[in-house]
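In what follows, a structure is listed as structure tokens, so that the remarks can point back to it.
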Amino acid sequence: MSIIEVVERKKRLNTRLIFGLLVIGVFIAITFPTFGNELNKFFVQKTKKESTVTKTLTKDEIAQLHEQQLYGLTYKYDKWNTKWLSNEIRDGAYTVFKMDLFMSNQPEYDSAKIKFNVTKYKVDGKIVEFMSNSKITQVHSKSGWKDK
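The opening residue of the sequence shown carries number 2 in the working numbering; numbering runs sequentially from there.
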């Protein structure tokens, strides 16, 4: 083997090594946000507390709850490391949206009794509280309460 062949072989080895490290670096860069999100979810899930609440709300209060949850919380936690929480809050806001839509399309009803879960997490030292699995159990009109 000549010196030229040895040098050429080392150059190919160095090129392959650099290419391999580059591929590994790109893979880590792509998967890091997902890994960080799942790691955050793992630790925050340990602080989860749920309770079931029944409350009487007017049409306006239901609309306010929907706006607060969707625009206040969903976008606040729509970051790479809390994307899972944003999705969970958005799912809860969707159930509130369905109630809001129902009440908006029923002008004869002025308020409703709602049963929902309150989910609480501790994220970065702060308590995050939101509604999920909400459903209307009774509606109120001039003629009184009626089961839905």
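Every residue gets a Cβ at the ideal spot worked out from N, C-alpha and C, and that includes glycine. On a predicted model such as this, the values are computed, not experimentally measured, just so you know.
Counting the other CB atoms within 10 Å of its CB gives Gly93 a total of 16 or more, which places it among the buried residues. Taking a contact as a CB-CB distance under 8 Å, the pair Met100 and Ser142 does not count as one, their CB atoms being some 16 Å apart. Straight-line measurement puts the Cα of Gln69 at about 11 Å from the Cα of Glu130. Rounded to the nearest whole angstrom, the CA to CA distance from Glu51 to Ile31 is 34 Å. Taken atom to atom, the span from the alpha-carbon of Leu74 to that of Lys116 is near 21 Å.
Nearest C-alpha to Val140 among Tyr122, Val124, Gln107, Ala113: Ala113.
Here the C-alpha atom of Glu109 lies approximately 27 Å from the C-alpha atom of Asn118.
Per DSSP, the unbroken alpha helix (DSSP H) holding Lys60 starts and ends at 60-68. Cβ neighbours of Lys84 within its own chain (closer than 7 Å, five residues either side excluded): Asn38.
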